[in-house]
Structures are given as structure tokens and as C-alpha cells.
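Number of protein chains: 2
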Amino acid sequence: MVEITKDLNCEECPFKLSLFKHLKQEELAYLNENRYEVHFNTGETIFKQGSALTHVACLTRGLFKVYLEDRSKNNLMLRILKPTELIGGPGFLVDSKQYFSVAALERSTACFIDLKVFEKILRQNSEFALQFIAYLNTIHINLYDKLLSLTHKNMHGRVADTLIYLSKQIYKSLNFETTLSRQDLADLSSIAKESFIRILKEFKDGGFIQFEGNSFQLKDTEALHRISKSS
Amino acid sequence: MVEITKDLNCEECPFKLSLFKHLKQEELAYLNENRYEVHFNTGETIFKQGSALTHVACLTRGLFKVYLEDRSKNNLMLRILKPTELIGGPGFLVDSKQYFSVAALERSTACFIDLKVFEKILRQNSEFALQFIAYLNTIHINLYDKLLSLTHKNMHGRVADTLIYLSKQIYKSLNFETTLSRQDLADLSSIAKESFIRILKEFKDGGFIQFEGNSFQLKDTEALHRISKSS
DNA sequence: CTCCTGACCTGATATATATCAACTCAACCA
DNA sequence: TGGTTGAGTTGATATATATCAGGTCAGGAG
Chain P
837 MVEITKDLNC EECPFKLSLF KHLKQEELAY LNENRYEVHF NTGETIFKQG
887 SALTHVACLT RGLFKVYLED RSKNNLMLRI LKPTELIGGP GFLVDSKQYF
937 SVAALERSTA CFIDLKVFEK ILRQNSEFAL QFIAYLNTIH INLYDKLLSL
987 THKNMHGRVA DTLIYLSKQI YKSLNFETTL SRQDLADLSS IAKESFIRIL
1037 KEFKDGGFIQ FEGNSFQLKD TEALHRISKS S
Chain V
837 MVEITKDLNC EECPFKLSLF KHLKQEELAY LNENRYEVHF NTGETIFKQG
887 SALTHVACLT RGLFKVYLED RSKNNLMLRI LKPTELIGGP GFLVDSKQYF
937 SVAALERSTA CFIDLKVFEK ILRQNSEFAL QFIAYLNTIH INLYDKLLSL
987 THKNMHGRVA DTLIYLSKQI YKSLNFETTL SRQDLADLSS IAKESFIRIL
1037 KEFKDGGFIQ FEGNSFQLKD TEALHRISKS S
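Just so you know, the sequences run in chain order P and V.
Yeah, the first sequence ends on 1067 if you go by this note's numbering, and it's all consecutive.
Yeah, the second sequence ends on 1067 if you go by this note's numbering, and it's all consecutive.
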């Protein structure tokens, strides 16, 4: 199960985020006093859609998926989080509800900050508030990309987008070993699992990628970009 | 073409927004000195995707559509704006670019505020900054709804969603006369225009709605909600 | 008036995609 | 050892949806 530790000197602390760089010493100290660290095993949920939004989390180790749950159908994965990213939720200052779920894709660690504390610092430090607005807007921009990809591209384009996203944004390498299942990858592309697998094979046959289990190699990113755009 | 007037006493002013209710008198005055009003004819563009983001707009009269442009395909309409709503853009504090386009659906009026001025007030007044964050989060929540509707529902569900959205959110009546074209409605549902028309007819034949040209009546919202959920 | 254009509508067709069913294989367990 | 489970995979099939082609109709321009 989940192990909780209170460690004021954890090596990977939220202050690496550019968001926090404008905080004063006393504000950092205040944050430090009011945060706690939690370790997660693969598959464990850190935020659950529909539950109360009480904390903001800063990911310090591992990998997480952010996804929308649909009553009947598959999930829709919005994005993947890696250290050191902040994750709150749009219910903040609205209705204090979680609008998505977040789960660990591998053994991971997150730092939790109470929203009351977070709000207090936002109120005190206007530079921090503006940085936070910039952070929200960045997420928003990425969401538009996602929206266009999912609604206006065919499956091949969406699979290409997913592969490019993993390579460029998450693993930052043309070769990567992922902890995401085929279902996860399909959820990320908003495609049925079977269809995703089929297209993966097509890409392999076309020589654009190579893979063996969960280990992928992008051979021809040029082609992947072309597929992403043309569709 | 577009007629520009500088009118400090325009009847419909941005201060009706709850967002502005926490501003001090001097801040309101400062905003007033630095805003200007513009009148738009049907079809005219007030923000253009890809151009520079320099102002935030407050809609004081008429109706606008917010949409993402795709190089080749149709547009994707995100939402419709009505008085008195604020519209900025996620490029604010990020890269000062417009990530969507906004166009007038009928004769309309908008009030423009320079982003430098807006930013200055955000910096001065932390309560205002928090209200603005809440406003951004609300938009974000609606975007998640949209995302799920467009990716996980079939056409019938999406058409039902569009009709419910117009009735409940925009026109606030079961009967409404819209200035949106069939193409606009299709863009709002992320459907081909022909398919949209077909489903509209099915709904009419099923007795769920009635329409004549651009004049719509929702006869059985119960059924529409059922269609929206089941699909 | 007549032509032209663009929005709306309809039917036929093609195609993209999901679904269903079945099989393999590794991991785990009794 | 054999059984069970779940993820991955593949092929066949059904279906949702876009596309294409054609048609009507109202409004504007000459």
C-alpha cells in the first residue's frame, strides 16, 4: 500500500519548478512546513475523478497518467506527467472537485501541498500568481492541440502523434522503453486497443518504427510527422 | 467595415462581470481610461488564430463564435460567447499568440482592454487574480466536457449535446432562432455538415425537436439527454 | 427578368473504425 | 504439473461516418 513520509529535506523538491522560483524564503519555508511526500506503486491512484480536490501535487519521481473517466467507455488519457511537474485540477477555486484521475505508471513519488496553503501564497505573491496563470495557460494550449488531433485526424495521424509525444515530450529519446500498456497508448490516442496495435504493426512494416514488447524505436520521424499532418 | 468608438459611458460595460466586482474604484477608472469599444458586423473576425495577442475583449452585445482553425479540414467550434463574457486567450503570459479565432455571428459589440493594463491590475489586486484563475478553471472544466463529448460519443449524442448546449447555455429557452449556419452547428459538433442535417431530420421525425429554417424547438429534452448519455 | 452564387438538403457510395471471436503466451498460483 | 488469468495479437465482420454528386431554393447583381 501507500507509504507516507514527512521529509522536509527530500532531494527532489517542488522548488525546482520555475513556478516556484519567485517565492521568497519565508514563503518557501511555509510551503515546506505544509507539504508531505507519498510513495506510490504502479497502478495506484493519486487523484480520483469526482472526489474532493484538497491538495495540489508535485511529482518528484516516476511517471503518472492523467485521464478522464467515462461511465461506460474507455478512458481518455489527457497527458503524462513526469518529474518535476505540478498537478492541480480545474476545480481549484471553482467547486473543489477533481475533474480527472491521476495514477502512477511505475513506482513514483509525489509531494502534496494543501490548497489552502497554496491559495494563501497565491494571494501574497502576485508574481507567483501570474506565473501560475502562465502555467494554466500552457496546459490550455496543449489541450487545444490534443482536441484538434483527436477530432480532426484519422487513426494513423493520432498514433503518429502519440509516438512523437512519447519520444519528444516524455522520454526525450528516439528509443524508449515504456511502462504504458497497449490500452494506455490507445486511450492516449482515443482509439480501440485492437486498432492501435494494427497501426503499430503497419508502421513497423513501413519501416517508420521498430518495437519489441514495450521497447520502441522511432526510425523515421520525418515520415511520422508527415502522417500526422496529412491525416 | 468596423466602426470604432471611444465611449467611456457605454451602457453595457465589462464591470457587470463578476470577475470585476472586486476591483477598487481607481482600478475601474484605470480600466475605463484604457478600453475602447468596437462594433462588428456579422462574420467579422475579432481575434485571428496565429496573430498577436494584445488585448482581452469583453463582449457587450451580440453573439460570437470561438473556433480552432485547421489547415485543411473544417473548423472546430469551441464555444459561443454572449454578453457579458470576457475572452482572452491562452497565449497570455506565455507567448502572446492567439490560439483560436473569434468571429461575430451577428451585429455585435466588444470592449477591448490592453493586456498590459490587464496584467497590471492582476498584479495589483490579488483577489482579482484569484477570480481570474477561477474563470480560467471554469473554461477548462467545460473543455473537458467538450473533449469527452467529441471523442467518446457518436454523432447522435454530439448533435443532442449541441442542441442542449444552445438551448440551455446560450439562448436559455426551449425555442430559439439561431444565427448559426448548419456548417457552424456541424463545426460545433465536429461532424460533417451533411451528417448533421441528416440527424437533425431524424430527431424531427422522432418527435424530439421541431425546426423550420433556423428556428428550433426542443420538444423532448428528456429524450435528447437520453441520446446524449447512451451514445 | 435572368443569371449566379451560396446555403440547405438528399441519396448513393466508399471508407475508416469499432466490435467480436479466437488464439498465443507469459505470469502466477494451487 | 496443470490451470487460470490477463495482456497482446490477429482476422473477419459490422457499422458509423465522410465523401461525392446532384438537387432545390432564396437572394443579390447585372
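Positions of the beta carbon are idealized from the N, C-alpha and C atoms, including for glycine.
No experiment lies behind these values; they were computed from the predicted model shown.
So, helix, strand or coil for P/D1056, using DSSP? Along the first sequence, read from residue 1 onward, the residue named residue 1056 of chain P stands at position 220. P/D1056: coil per DSSP, three-state reduction.
Contact list for V/L929 against chain P, beta-carbon separation under 7 Å
Stepping through the second sequence from its first residue, residue 929 of chain V is reached at position 93. Near V/L929 (Cβ distances below 7 Å), the residues of chain P are L966, I969, A970, N973.
May I ask you to report which of helix, strand or coil DSSP gives V/H875? Within the second sequence, the letter at position 39 stands for residue 875 of chain V. It is a strand residue.
#### Entry: Whole-angstrom distance between P/K918 and V/L1060, CA atom to CA atom
By one-based count along the second sequence, residue 1060 of chain V stands at place 224. By one-based count along the first sequence, residue 918 of chain P stands at place 82. Taking the straight line from one Cα to the other gives about 41 Å.
Check: How big is the Cα-Cα spacing for V/P926 and V/V892?
Finding: To locate residue 926 of chain V, count along the second sequence from 1; it is residue 90. To locate residue 892 of chain V, count along the second sequence from 1; it is residue 56. Roughly 11 Å separates the two Cα atoms.
Which residues in chain V have a C-beta closer than 7 Å to the C-beta of P/S1026? List them in chain order.
For the purposes of this step, residue 1026 of chain P is identified with residue 190 of the first sequence, where counting begins at 1. Here the neighbours are T987.
Contacting residues, own chain, Cβ-Cβ under 8 Å from P/I957 (five flanking each side not counted): If you number the first sequence from 1, residue 957 of chain P lands on position 121. Excluding positions up to five away in sequence, the list reads L859, E863, Y866, L867, F964.
Practice prompt. Quick one: list the residues of chain P neighbouring V/D906, beta-carbon separation under 7 Å, in chain order.
Written response: By one-based count along the second sequence, residue 906 of chain V stands at place 70. Chain-order list of chain P residues neighbouring V/D906: L984, H988, by C-beta distance under 7 Å.
Self-check item: Of the listed residues P/T890, P/C947, P/L899, nearest to P/V930 (C-alpha basis)
Solution: Reading the first sequence from its first residue, position 94 is the one you call residue 930 of chain P. It is P/T890.
Report yes if the CB atom of P/T945 is closer than 8 Å to the CB atom of P/G898, and no otherwise.
Locating residue 945 of chain P in the first sequence gives position 109, counting from the first residue. Locating residue 898 of chain P in the first sequence gives position 62, counting from the first residue. A contact, by the Cβ cut-off of 8 Å.
C-alpha distance - P/K842 paired with P/L922, whole-angstrom precision:
Numbered from its first residue, the first sequence carries residue 842 of chain P at position 6. Numbered from its first residue, the first sequence carries residue 922 of chain P at position 86. Low local confidence applies: a pLDDT of 45 at P/K842 is under 50, so the model's placement there is unreliable, and no value is given.
Item checked: Exposed unless 16 or more other CB atoms sit within 10 angstroms - verdict on P/Q967 -> Here residue 967 of chain P corresponds to residue number 131 of the first sequence, with the count starting at 1. Looking at its Cβ environment, which holds 16 or more other Cβ atoms inside 10 Å, P/Q967 is buried.
Requested in this report: Check the Cβ-Cβ distances between P/T1057 and every residue of chain V, and say whether any is below 8 Å.
Outcome: Stepping through the first sequence from its first residue, residue 1057 of chain P is reached at position 221. It does not: the Cβ of P/T1057 has no partner Cβ on chain V nearer than 8 Å.
Using 8 Å as the threshold, is the C-beta distance between V/L1024 and V/L1054 below it? Residue mapping note: residue 1024 of chain V aligns to position 188 of the second sequence, counting from 1. Residue mapping note: residue 1054 of chain V aligns to position 218 of the second sequence, counting from 1. For V/L1024 and V/L1054, no; Cβs fall outside 8 Å.
*asked:* Quick check on this structure: which residue in V/M913, V/S1026, V/E1058, V/D1020 has the alpha carbon closest to the alpha carbon of V/N1050?
replied: As a first step, residue 1050 of chain V is located in the second sequence; it is residue number 214 there, counting from the start. Nearest C-alpha to V/N1050: V/D1020.
Tell me which residues share the same chain as P/M837 and place their Cβ nearer than 7 Å to its Cβ, disregarding the 5 neighbours each side in the sequence.
Reading the first sequence from its first residue, position 1 is the one you call residue 837 of chain P. Since pLDDT at P/M837 reaches only 38, below the 50 mark, its modelled position is unreliable, and no value is offered.
*asked:* Going by beta-carbon coordinates alone, are V/L904 and P/L984 separated by less than 8 Å?
replied: By one-based count along the second sequence, residue 904 of chain V stands at place 68. By one-based count along the first sequence, residue 984 of chain P stands at place 148. The answer is yes: Cβ separation under 8 Å.
| query | What residues are listed by DSSP as bridge partners for V/Y903? | reply | Here the question's residue 903 of chain V lines up with position 67 in the second sequence. In DSSP, V/Y903 forms a bridge with V/M913, V/S937.
Count the C-beta pairs between the region 1000–1010 of chain P and the region 1032–1045 of chain P that are closer than 8 Å, then say yes if the count reaches three, no if not.
no
What residue does the alpha helix (DSSP H) around P/D1023 start on, and which one ends it?
On the first sequence, residue 1023 of chain P is found 187 positions in, with the first residue counted as 1. Taken as a continuous stretch (DSSP letters only), the alpha helix (DSSP H) holding P/D1023 covers 1018–1025.
From this set, V/S1003, V/S854, V/D906, V/V902, which residue's C-alpha is nearest P/K989's C-alpha? As a working note, residue 989 of chain P is residue 153 in the first sequence. Per the Cα distances, V/D906.
Under the rule that 16 or more other beta-carbon atoms within 10 Å means buried, what is V/A1022, buried or exposed? To locate residue 1022 of chain V, count along the second sequence from 1; it is residue 186. Looking at its Cβ environment, which holds 16 or more other Cβ atoms inside 10 Å, V/A1022 is buried.
Helix or strand or just coil, what does DSSP make of P/E880?
-> Within the first sequence, the letter at position 44 stands for residue 880 of chain P. If DSSP states are grouped into helix, strand and coil, P/E880 belongs with coil.
Under three-state DSSP, which class holds V/S858? As a working mapping, residue 858 of chain V is identified with position 22 in the second sequence. Just to set this straight, residue 858 of chain V is His in the shown sequence, not Ser. Looking at V/H858 - three-state DSSP - the assignment turns out to be coil, as it is neither helix nor strand.
- prompt: Between V/I969 and V/L999, which are expected to be in contact by the criterion C-beta below 8 Å, what is the C-beta distance as a whole number of angstroms?
  reply: Working through the second sequence from its first residue, we reach residue 969 of chain V at position 133. Working through the second sequence from its first residue, we reach residue 999 of chain V at position 163. Not really, about 32 Å apart at Cβ, beyond 8 Å.
Counting C-beta neighbours from all protein chains within 10 Å, is the total for V/N845 16 or more, i.e. buried, or is it exposed? Mapped onto the second sequence, residue 845 of chain V falls at position 9. Interpretation of V/N845 is limited by its pLDDT of 45, a score under 50 that renders its predicted location unreliable; the figure taken from the coordinates is listed afterwards. By the neighbour-count rule (16 or more Cβ atoms within 10 Å), V/N845 is not buried but exposed.
- Item | Rounded separation between V/F947 and V/N910 - CA only | In the second sequence, counting from the first residue as 1, residue 947 of chain V sits at position 111. In the second sequence, counting from the first residue as 1, residue 910 of chain V sits at position 74. Just to set this straight, residue 947 of chain V is Cys in the shown sequence, not Phe. Straight-line Cα distance between these residues: approximately 29 Å.
task: List the DSSP bridge partners of V/L895.
output: Sequence index remark: in the second sequence, residue 895 of chain V carries index 59 (1-based). DSSP output for V/L895 lists V/A946 as bridge partner(s).
Margin query: Quick check on the DSSP output: the alpha helix (DSSP H) that includes P/N973 runs from which residue to which?
Written below: Counting from 1 along the first sequence, the entry for residue 973 of chain P is found at position 137. Where P/N973 is concerned, the enclosing alpha helix (DSSP H) stretches over 962–988.
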